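First comes the structure, then the notes that go with it.
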Amino acid sequence: MLERGTQKRLSEDSTVKQLIRGVGALGMLVLVTPTDAVAQHEMHGMTMSGGWRMVPMDMSMPMLPGLENAVPVVGPFLPGRGMDPAMFPEARPSEHVPMADGDTLDIAVSMVRRTIDGHEMIMFGYNEQYPGPLIQAPKDATIVVRVTNEIQLPTTIHWHGVRLNNRYDGVPGVTQEAIERGDSFTYEVHVPDAGMYWYHPHVREDVQQDLGLFGNLLVTSPDPDYYGPAHREEVFVLDDMLMDDQGALPWGDSAPTHALMGRFGNVMMVNGETDYRLSADKGEVVRFYLTNVANSRTFNVTFGSAEVKIVASDVSRFEREQWVGSVVIAPAERYVVDVRFDEPGEVVIANTIQAINHFRGEFYPHVDTLSIVSVGEDAAEPSVTAAFDTLREHTDVVEDIDLFRPYFGQTPDYELETTVRVRDLPPSIVLSMEADTLYVPPMEWNDAMPMMNWLSTAEQVTWILKDRRTGAANEAIDWRFEIGEVVKVRIFNTPDSFHPMNHPIHVHGQRFLVLSMDGVQSENLVWKDTAILPVGSTMDLLIEMSNPGEWMVHCHIAEHLHAGMMFSFTVEDGQP
Amino acid sequence: MHPILMLGALLGSLTPAFPVMAGPALSAREVLPSRELAVASFCIVPTGPEYYAFDLFATRNIPGTGLAIGRAEVAVSGASPFSIALGPDGSYVYDIHISLERMKPPGQGRLVAWVTTPEIDRIVRMGALDENLRSSGTVGWNKFIVVITLEREDDPTAATWSGPVVFRGMSRSGMMHTMVGHGALQQENCAAYGYGN
Chain A
0 MLERGTQKRL SEDSTVKQLI RGVGALGMLV LVTPTDAVAQ HEMHGMTMSG
50 GWRMVPMDMS MPMLPGLENA VPVVGPFLPG RGMDPAMFPE ARPSEHVPMA
100 DGDTLDIAVS MVRRTIDGHE MIMFGYNEQY PGPLIQAPKD ATIVVRVTNE
150 IQLPTTIHWH GVRLNNRYDG VPGVTQEAIE RGDSFTYEVH VPDAGMYWYH
200 PHVREDVQQD LGLFGNLLVT SPDPDYYGPA HREEVFVLDD MLMDDQGALP
250 WGDSAPTHAL MGRFGNVMMV NGETDYRLSA DKGEVVRFYL TNVANSRTFN
300 VTFGSAEVKI VASDVSRFER EQWVGSVVIA PAERYVVDVR FDEPGEVVIA
350 NTIQAINHFR GEFYPHVDTL SIVSVGEDAA EPSVTAAFDT LREHTDVVED
400 IDLFRPYFGQ TPDYELETTV RVRDLPPSIV LSMEADTLYV PPMEWNDAMP
450 MMNWLSTAEQ VTWILKDRRT GAANEAIDWR FEIGEVVKVR IFNTPDSFHP
500 MNHPIHVHGQ RFLVLSMDGV QSENLVWKDT AILPVGSTMD LLIEMSNPGE
550 WMVHCHIAEH LHAGMMFSFT VEDGQP
Chain B
0 MHPILMLGAL LGSLTPAFPV MAGPALSARE VLPSRELAVA SFCIVPTGPE
50 YYAFDLFATR NIPGTGLAIG RAEVAVSGAS PFSIALGPDG SYVYDIHISL
100 ERMKPPGQGR LVAWVTTPEI DRIVRMGALD ENLRSSGTVG WNKFIVVITL
150 EREDDPTAAT WSGPVVFRGM SRSGMMHTMV GHGALQQENC AAYGYGN
C-alpha cells in the first residue's frame with residue numbers, strides 16, 4: 000500500500016495516460032509465455048543509455064512491460080572507468096597485523112586491480128589488500144590508525160561495534176568531516192571488549208564497501224580460556240558482488256540504485272575469493288570468525304554434516320555455547336562458531352536458502368557454495384573431542400548480564416517503526432508491487448525482483464525509522480540520555496508498507512541485548528551491535544548507554560542507509 | 000438492525016466459517032468475522048508476528064462446530080540464537096500454537112492437530128488438543144496447512160489422520176500469488192496452473 004505522501008506525488012507527477020499504460024502492461028504480463036519472456040531480454044549484455052548495463056536476471060522471467068530499456072534515474076559509476084586496470088597494483092590477500100597498545104598503523108585507501116570470477120576490475124583496497132589488514136589488538140588497548148585517502152571519493156573509517164571515543168567513530172558530518180582525496184585522518188581506536196569487529200567507510204557504503212573497503216579487527220582477551228580449545232582459527236568474511244559477463248555492474252553515481260531491497264550480488268565470496276578452499280584433518284576443530292560485509296544479503300551458512308557450536312557474536316560470547324544447524328548472519332553481524340570435521344572427504348560450506356520466485360509465487364531451494372573443506376584421513380592432534388562435546392557456560396557473561404535483568408520487564412522507553420515511502424517510480428513497478436502484497440516473506444534471501452530493485456534509487460525511495468510516540472522520523476528523531484542509562488527500545492517492522500523488508504539494525508558506540516522477538520524471550524543472550532529484524536516482527540532491545548557522544552542508529556543495508564533510514568542520539572557524559 | 004450487525008450479517012453470510020445462524024441474537028463480537036476481533040477475543044498466545052498468524056476454518060463435518068473459529072500463531076523459538084530460525088534446507092522453523100473457540104471438546108474421540116505440506120505428501124502430527132482446545136508444536140516448512148481431525152483415539156504413532164477433518168487453515172505464505180497464467184486478483188487456486196510450491 001502506498002503511503003499518503005506517495006499517492007499525492009503520483010497523482011501530481013504521473014499522468015492518467017501513464018497509469019493506463021501501466022495497467023495495460025500488467026495485463027500483458029499475465030499473458031506472457033516463457034518464450035516471450037526470453038525475447039524480452041534482448042538488452043542483456045548490451046550497453047544501455049548513459050553507460051548502464053541491464054541487471055542480470057532469470058531469463059525465464061518476463062520483463063515488466065515498459066521497462067525493457069529503462070535505466071536508473073541516476074548515472075552509472077565505475078571506479079577508473081575507461082582506465083587500464085594494469086595501471087593499478089594488483090591487490091593481495093589480507094595480512095595479519097598484530098598491534099600492541101599504542102602502536103600505529105598506516106592505512107592507505109587506494110585503487111587496486113583485482114580479478115573476480117575471471118574478470119579483471121579496478122576496485123578499492125585498504126593497503127592494497129582484500130579484505131583490508133586483519134588488525135589484532137589486545138582488549139583495552141588503544142591503537143592508532145592513520146588513514147590517507149587516495150581514491151576519488153571522500154571516505155572515512157567506521158570501527159563497527161567498537162565502543163570507542165566518539166570522535167573516532169567515522170561518521171561524516173557527525174563525528175568528523177569526510178577525508179577528501181589526498182587528506183588524512185588519525186583514529187585512536189580504544190578496544191574495551193574482546194571479540195571480532197570490522198571496519199569500513201561510512202560514506203557511500205553501497206559503493207566503497209562493495210568495492211572492497213572492509214577489514215576485520217580482532218580484539219583478544221587476556222583470558223587464555225576465553226574460548227574453548229580449537230586446533231586453529233579461520234576468518235571468513237562473507238560477501239557477494241553483482242556482476243555480469245563484463246564484470247561488476249555499475250553503481251549509482253549521485254545516489255544508490257537497488258534502494259528497495261539493497262544490492263544483492265550474484266557472485267559469492269569468502270575473503271574476497273570465489274573459490275576459497277581449506278583443508279582439515281579428521282576430527283579437527285576449526286574456529287570460524289564469520290563477518291557479513293555484503294550490502295544486503297543475509298546468509299544462512301551451513302557446514303554440511305559437520306557439527307557446529309555457536310560461541311560468540313558481535314560484542315561478547317553467548318551466555319552458553321549452543322549447537323546450531325546453520326548460522327543466520329545478516330549484514331554487519333559477526334558470529335564465532337566452532338566446527339568439527341569428523342568425516343574424511345569434502346565438506347561444502349554453503350549459503351543454503353529457500354529463495355522466492357515472485358513471478359511463479361513459490362519458494363525454491365537454492366544453494367551457493369562459499370567454500371570447500373577437504374578433510375583428510377589423518378586424525379587431528381591433539382584430540383579436543385571431549386572439550387568440543389561439552390557446551391560451556393560463560394559465567395562471566397551471565398554475571399555481566401545479571402546486572403541488567405532488573406530492566407528486562409520494564410515498559411519500552413521508546414518505540415520505533417520501520418516503513419518506506421516511494422515516489423516517481425515507473426507505474427508498472429508501483430502496480431505490480433501493489434498487486435503482490437498478499438504475502439510478504441519475513442526475510443528476503445535473494446533478489447527476487449532484480450529489474451524493479453535496480454531501477455529504484457535512493458532519489459525515489461525513502462526508508463524510514465519513525466518514533467511512534469512523537470511521529471519524528473529519521474534525522475528528526477532526537478533522543479538524549481545520560482551515561483549509565485539502560486534504555487529499552489521496541490522496534491516494529493511493519494508489513495503494511497509499499498515494500499516491507501528485513502532490516503539489520505545497527506547501534507553505534509553502545510552494546511545491546513535482544514531481549515525478545517515478538518514477545519518470545521531470548522533464552523541465550525549475547526551482547527550485540529547489530530540485529531536483524533524480520534518483516535512483521537517486533538524486537539525489544541536493551542541498550543546500555545555506556546559511551547558518551549553523538550551516535551547513529553541505522554539499517555545496515557547500505558542502500559537503505561543512504562535512502563534515509565538513520566538517526567542519531569546523544570549520550571551526555573554528565574560532566575560539567 | 001444496527002449497521003454494524005447488518006455488516007456482520009452480510010459478511011457472515013459470505014464467509015462459510017462464520018455463518019449467521021438462526022436463534023438467539025448475536026453480539027457484534029460474535030458476528031463480525033474480522034481478524035482483529037478474532038485475535039482480541041481468543042488469542043491465547045500473545046506472541047509471534049501477528050502478520051503471519053492465520054485463521055483456521057471449520058468444515059462443519061461434526062456437530063457443534065458451526066460457530067467455531069480457530070487460529071494458528073507462529074513464532075520464532077526463544078531457543079534460537081538468531082532473530083529467525085531456519086531448518087537445514089533454509090526453510091523457516093516456527094513454534095506453532097493452535098487454538099479453537101466457540102465449541103466444546105467432542106464427547107467422543109480426540110481432536111488431533113497435524114501439519115502438512117500443500118501437496119499433503121508429508122504429514123507431521125502435532126498432537127492432541129487439550130481440554131482447552133489448544134495444541135502446540137513446531138513446523139519447518141515455508142508453506143503448510145494445519146489440519147485438525149477428530150480421531151477415534153489419540154495415537155501418537157499415527158502417521159496420518161483417519162478421522163474427519165474438522166478445521167483446516169493455510170499458512171500466510173499460501174497467499175503468495177503467481178502471475179503466470181492468471182492475475183493476482185483472480186480467485187482460482189494457483190495450484191490449478193501447476194504452481195503451488
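Chains as they are written, first to last, in numbering that gives the first Met the number 0: chain A, 0 to 575; chain B, 0 to 196.
C-beta: ideal position from N, C-alpha, C; glycine also.
Nothing here was measured: the structure is a model prediction, and the numbers come from that model.
Reduced DSSP secondary structure (H/G/I, E/B, other) of A:Trp453: Helix at A:Trp453.
In chain B, what lies closer than 9 Å to A:Tyr288 by C-beta? Correct list: empty, because the minimum Cβ distance to chain B is about 16 Å.
Answer with buried or exposed for A:Gly548, where buried requires no fewer than 16 other C-beta atoms within 10 angstroms of its C-beta. With 16 or more other Cβ atoms from the protein chains shown falling within 10 Å of its own Cβ, A:Gly548 counts as buried.
What residues of chain B sit near A:Ile556, judged by a beta carbon separation below 8 Å? Neighbourhood of A:Ile556 in chain B, by CB distance below 8 Å: empty, with the nearest CB roughly 15 Å away.
Could you spell out where the beta strand (DSSP E) holding A:Ala576 opens and where it closes? Look at the range of chain A in this structure, 0 to 575, and you will see that residue 576 of chain A is not part of it.
Should A:His95 be labelled buried (16 or more other beta-carbon atoms within 10 Å of its own) or exposed? Looking at its Cβ environment, which holds fewer than 16 other Cβ atoms inside 10 Å, A:His95 is exposed.
Taking 8 Å as the CB-CB cut-off, is A:Val517 touching chain B? According to the sequence shown, residue 517 of chain A is Asp rather than Val. Yes, its Cβ sits closer than 8 Å to a Cβ of chain B.
Distance, B:Arg109 Cα to B:Val164 Cα: About 12 Å.
Fully enclosed by the stretch 159-210 of chain A, which alpha helix (DSSP H) runs are 4 residues long or longer? You should have 204-207.
6 Å CB neighbourhood of A:Leu512 in its chain, flanking five on each side removed: The residues are Leu524 and Leu541.
Whole angstroms are fine: how far does the CA of A:Asp313 sit from the CA of A:Leu289? Rounded to the nearest whole angstrom, the CA to CA distance from A:Leu289 to A:Asp313 is 10 Å.
Could you give the DSSP three-state label for A:Glu127: helix, strand or coil? In the structure shown, A:Glu127 sits in coil (DSSP, three-state: anything other than H, G, I, E or B).
With DSSP collapsed to three states, give me the class of A:Gly50. If DSSP states are grouped into helix, strand and coil, A:Gly50 belongs with the helices.
Own chain, CB closer than 6 Å to A:Glu283, minus 5 neighbours either side, in chain order: Cβ neighbours of A:Glu283 beyond the five flanking positions: His230, Phe340 and Ala379.
Just verifying my parser: in three-state terms, what is the DSSP assignment at B:Met174? In the structure shown, B:Met174 adopts helical secondary structure according to DSSP, grouped into three states.
Bridge partners - B:Trp197, DSSP secondary structure assignment: With chain B running from 0 to 196 in the structure shown, residue 197 of chain B is simply not present.
State the Cα-Cα distance for the pair B:Val73 and B:His96, rounded to the nearest angstrom. Computed Cα separation, rounded: 6 Å.
Candidates A:Asp192, A:Ala447 and A:Glu176: closest to A:Gly261 by CA position: Measuring from the Cα of A:Gly261, the nearest candidate turns out to be A:Ala447.
Measure the alpha-carbon distance for A:Gly360 versus A:Pro440 and round it to whole angstroms. Straight-line Cα distance between these residues: approximately 11 Å.
State yes or no: is the beta carbon of B:Ile122 nearer than 8 Å to at least one beta carbon in chain E? Looking for chain E here will not work: the only protein chains present are A and B.
Shorter than 8 Å from the beta carbon of A:Thr351 to some beta carbon of chain B? Cβ-Cβ to chain B under 8 Å: yes for A:Thr351.
Smallest Cα separation from A:Asn291: which of A:Met564, A:Ser455, A:Ala472 and A:Ala530? In terms of Cα proximity to A:Asn291, the closest of A:Met564, A:Ser455, A:Ala472 and A:Ala530 is A:Ala530.
Find out if the Cβ-Cβ distance for the pair B:Val114, B:Val138 is shorter than 8 Å. Closer than 8 Å, so yes.
Per-residue contacts from B:Gly47 into chain A (C-beta, under 8 Å): Contacts between B:Gly47 and chain A, judged by CB atoms closer than 8 Å, involve Asp517, Gly518 and Val519 in chain order.
Who pairs with B:Ala71 in a beta bridge, going by DSSP? Partner(s): B:Phe53 and B:Ile97.
Kindly list, in the order they appear in chain B, the residues whose Cβ is closer than 7 Å to that of A:Thr309. The displayed chain sequence assigns Ile, not Thr, to residue 309 of chain A. Neighbours of A:Ile309 on chain B, chain order: Pro80.
Of the choices A:Val190, A:Asp182 and A:Gly535, whose alpha-carbon is the least far from that of A:Asp100? The residue with the shortest Cα to Cα distance from A:Asp100 is A:Val190.
A:Arg231 bridges to which residues according to DSSP? In DSSP, A:Arg231 forms a bridge with A:Val285.
Do B:Arg171 and B:Tyr51 have their CB atoms nearer than 8 Å? Yes, the Cβ-Cβ distance between B:Arg171 and B:Tyr51 is below 8 Å.
Return no unless some Cβ of chain A is closer than 8 Å to the Cβ of B:Met205. Nothing about residue 205 of chain B can be reported from this structure: the residues present for chain B run from 0 to 196 only.
Between the alpha carbons of A:Ala354 and A:Asp377, how many angstroms are there, rounded? The alpha-carbon of A:Ala354 is positioned some 38 Å away from that of A:Asp377.
If you reduce the DSSP assignment to three classes, tell me which class A:Thr384 lands in. Taken through DSSP and simplified to helix, strand or coil, A:Thr384 comes out as helix.
Closest Cβ-Cβ distance between B:Pro104 and chain A: below 8 Å? Chain A contact via Cβ: absent.
Residue range of the alpha helix (DSSP H) that includes A:Asp399: For A:Asp399, the enclosing alpha helix (DSSP H) starts and ends at Thr394 to Asp401.
Please name the residues in the stretch 305-339 of chain A whose beta-carbon is closer than 7 Å to at least one beta-carbon of chain B, in chain order. Those would be Ile309, Phe317, Gln321, Val323, Gly324, Ser325 and Val327, in chain order.
N- and C-terminal bounds of the alpha helix (DSSP H) containing B:Glu130: Where B:Glu130 is concerned, there is no enclosing alpha helix (DSSP H), because DSSP gives it neither an H nor an E.
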